[in-house]
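In the UniProt record's numbering, the protein residues as written are 1 to 87.
Take a look at the structure below.
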């Protein structure tokens, strides 16, 4: 093989194209898009989070109602709230 053919064969086998390409511009572009999408989703989540309804399970009245319902249903009668030794 001549020197030109050897160079062509090397370029075909190991050239800087396809998955071996080291293109910094594409990596930067993909990183910028990913950062933008992440920032957008976090912003939307932070704007949406305060508008969620507050559940009544976190209040003392809600906890008492939940405990009362568990006792009425007899949930976990051996070790739970419906047991004889429950507080």
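Heads up, the beta-carbon is just placed ideally off N, CA and C, and yes, glycines get one too.
Subject >> Pairwise C-alpha distance: residue 41 and residue 51 >> reply: 16 Å
**OP:** Please classify residue 80: does DSSP put it in a helix, a strand, or coil?
**Re:** coil
Subject >> 4 or more residues per run - each alpha helix (DSSP H) lying fully within the segment 43 to 81 >> reply: 60 to 73
Original post:
In this structure, does DSSP put residue 27 in helix, strand or coil?
Top reply: helix
**OP:** Ignore the nearest five residues each way along the sequence and tell me which others in residue 68's own chain have a CB closer than 6 Å to its CB.
**Re:** none
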